[in-house]
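1 is the number of the first residue of the sequence shown in UniProt numbering; add one for each residue after it.
Note that beta-carbon positions come from the ideal geometry of N, C-alpha and C, so glycine has one too.
One structure is given here, and the rest of the page talks about it.
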Amino acid sequence: MLPRRGSYAEVCAEFRWSIPARFNIGTAVADAQVAAGDGVALIEVASDGAVREWRFSDLLRAASRLGNLLEAHGIGRGERVGVLLAQSPETAIAHIAAYRHGAIAVPLFSLFGPEALEFRLSNCAAAALVTDRAGYAKIEPLRAALPALKLVIVTDWEPGAPPPGVVDWTAGLASASDTRAPVDTAADDPAVIIYTSGTTGQPKGALHAHRVLLGHLPGVEMPHHFFPESGDRFWTPADWAWIGGLFDVLLPSLYHGVPVVAHRMSKFDPDAAFAFITRHGVRNLFLPPTALKLMRASTATARTVRSIGSGGESLGGELLDWGRAAFGVTINEFYGQTECNVVVGNDDLLFPVKPGATGRPFPGHRVAVVDEAGAVLPTGAAGTISIARPDPVMFLGYWNNPAATSAKFIGDWLLTGDQGAMDDEGYIHFVGRDDDVITSGGYRIGPGEIEDCLLKHPAVSMVAVVGKPDPVRTEIVKAFIVLKSGTEPSDALTAELQSFVRQRLAAHEYPREIAFVADLPMTATGKIIRKDLRARA
1 MLPRRGSYAE VCAEFRWSIP ARFNIGTAVA DAQVAAGDGV ALIEVASDGA
51 VREWRFSDLL RAASRLGNLL EAHGIGRGER VGVLLAQSPE TAIAHIAAYR
101 HGAIAVPLFS LFGPEALEFR LSNCAAAALV TDRAGYAKIE PLRAALPALK
151 LVIVTDWEPG APPPGVVDWT AGLASASDTR APVDTAADDP AVIIYTSGTT
201 GQPKGALHAH RVLLGHLPGV EMPHHFFPES GDRFWTPADW AWIGGLFDVL
251 LPSLYHGVPV VAHRMSKFDP DAAFAFITRH GVRNLFLPPT ALKLMRASTA
301 TARTVRSIGS GGESLGGELL DWGRAAFGVT INEFYGQTEC NVVVGNDDLL
351 FPVKPGATGR PFPGHRVAVV DEAGAVLPTG AAGTISIARP DPVMFLGYWN
401 NPAATSAKFI GDWLLTGDQG AMDDEGYIHF VGRDDDVITS GGYRIGPGEI
451 EDCLLKHPAV SMVAVVGKPD PVRTEIVKAF IVLKSGTEPS DALTAELQSF
501 VRQRLAAHEY PREIAFVADL PMTATGKIIR KDLRARA
């Protein structure tokens, strides 16, 4: 934990990493907490408002049963276990079980469509998948294309015998022992693959070690005012399949013995969110910027809150002022990415929050702005925001993609792909991306996967996808499409193409705007000039 001191300089000076040689995420968030007193781990709030508390021992027993079930079906150490679920106790149990089993968890958005799921499950050769009926409906037609997938466990299976290769969660766990010794893992052993948003082609799987949880702690504890304090209770509307939901909220909270409220809104409602926060006594929040912008339109307030963190997009002074009025606290922004998360941010208890500045490096992370050769740039000069290795929050590499891993570094600097500058007080100011990732509604969206999807439609000859500025979502996805000869543009075709992407990839990835064009701007070597399209968006 961070030393509680009165200044940023003192905290940084006294902080030291303590990464043991042997460490396992599952035992740290479950076994250790049972031994420490077995408090409340999760507060499950159902869609009808019904509340159920889960103690750490409840999670541990269920995770032990699931681990025994995985073993009984031949799922071994190092094999990949997909988790295709929204916020729920089953999501937490599946992660704990995978880590204690020595397997590699692969979180997957519940909104993903079949193509997005097929690519990820195939790319990592997932041997098992934990999902619900809605997820199984997407997966079942893909089984022939996923030969490595030996086992699918469905959390809400209806009465009746499941088909071969499918197990009913309730019956399967009931048949397994609730005791199981965890696998002994090194802190550097692989634990989780989280897929990134690629700018070209398909997403890449960022492979993280068990130490990644410890690496997140300074970036969670500081913006949340020396988290944890007695009485803390955490909630986020963000999906636990995103690194922000999983490693900024769920796992650090469990590691510290802090209850997490589990509730996923089918659609984010700002008034309902305010009421939910107050009703359930939420003290700590992670709210993506889009959620904050939507809540700002409400006249409601919530005064139970002790800390709010936000990340993914820069916050302006107006939004910060509104946050102080609505919650009585300053929203602390932080910054990172899937490969190396929460390395920079704010803590208004320790230093002033500058509107438009992402913050200062969190203790334990060496962050600089470098040029194309990897040389550290002077104060005020714009370059690439970079993090020095080794760093416990940094990924091991991209799954089965050494070339992309190598390209992510210059020397010992991990290149974020974000352009920024550091001022004379050590604040990082975000300037823009040097690639084409779209930031929309708190999600980072790669244009490559959307373009690949649209090219499969029989009407599409060429396509380029860019982000268009939007006051609520920061950006929306806009597609510029060249149609095949003989095809005429129409509103019906626009709707058809939007549905084509929504059904195959994810609801947040479909192009909200489509422009039909005669050609696309190209370089002499045939590369699409996206900046020209962004100017036209």
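Asked, Found
"Separation of residue 350 from residue 6, as counted between CA atoms", "7 Å"
"Segment contact flag, the segment 182-194 with the segment 16-32, C-beta cutoff 8 Å, min 3 pairs", "yes"
"As assigned by DSSP and simplified to three states, the class of residue 406", "helix"
"Range covered by the alpha helix (DSSP H) that runs through residue 122", "114-123"
"Beta-ladder partner(s) of residue 469, from DSSP", "475"
"For residue 74, the three-state DSSP class (helix, strand or coil)", "coil"
"Three-pair Cβ contact test at 8 Å for the segment 470-485 versus the segment 443-459", "yes"
"Limits of the beta strand (DSSP E) - the one that residue 208 falls within", "205-209"
"Contacts around residue 148, its chain only, beta-carbon distance under 7 Å, and the 5 residues preceding and following it disregarded", "125, 126, 127"
"Inter-residue spacing [alpha-carbon to alpha-carbon] between residue 47 and residue 85", "15 Å"
"Rounded separation between residue 205 and residue 458 - CA only", "29 Å"
"Proximity below 8 Å, CB of residue 105 to CB of residue 191", "yes"
"Residue 525 versus residue 455 - alpha carbon distance", "Bear in mind that a pLDDT of 45 at residue 525, under 50, signals an unreliable position, so the model cannot answer this."
"Residue closest to residue 252, alpha-carbon to alpha-carbon, out of 414, 33, 408", "33"
"Residue 522 - partner residues in DSSP beta bridges", "528"
"Residue 429, DSSP secondary structure in three states", "strand"
"Cβ-based burial, residue 466 [other Cβ within 10 Å; buried from 16]", "buried"
"8 Å Cβ cutoff met for residue 387 and residue 369", "no"
"Distance cut-off 7 Å: residue 135 Cβ against heavy atoms of the ligand FAD", "Here there are no bound small molecules, and the ligand FAD is not part of this structure."
"For residue 613, the residue or residues it bridges with in DSSP", "Missing from the structure shown is residue 613; the chain here goes from 1 to 537 and no further."
"Member of 165, 218, 322, 156 whose CA lies at the smallest distance from the CA of residue 143", "165"
"Contact belief for residue 383 with residue 410 at Cβ below 8 Å, rounded distance in angstroms", "With 8 Å as the limit, residue 383 and residue 410 do not qualify as a contact, their Cβ atoms being about 11 Å apart."
"Spatial distance of residue 475 from residue 146 (CA atoms)", "34 Å"
"Those residues which DSSP pairs with residue 443 across a bridge", "440"
"Enclosing alpha helix (DSSP H) for residue 546 [first to last residue]", "No statement about residue 546 is possible, as the shown extent of the chain runs from 1 to 537 and does not include it."
"Of the residues 415, 137, 357, 531, the one placed nearest residue 522, counting alpha carbons only", "531"
"Coil, strand or helix - residue 59 by DSSP", "helix"
"Cβ neighbour criterion (16 or more within 10 Å) applied to residue 131", "buried"
"Contained alpha helix (DSSP H) runs [length at least 4] in the segment 149-224, N- to C-terminal order", "169-174, 212-221"
"Residue 520 versus residue 535: straight-line alpha-carbon distance, rounded", "13 Å"
"Residue of 471, 88, 153, 266 minimising C-alpha distance to residue 72", "153"
"Span separating the alpha-carbon of residue 414 from that of residue 493", "42 Å"
"Best match in 285, 513, 503 for proximity to residue 463 [C-alpha to C-alpha]", "513"
"Endpoints, the beta strand (DSSP E) within which residue 311 is located", "307-311"
"Pair within 8 Å by beta-carbon distance, residue 262 and residue 44", "yes"
"Where residue 253 falls: helix, strand or coil (DSSP)", "helix"
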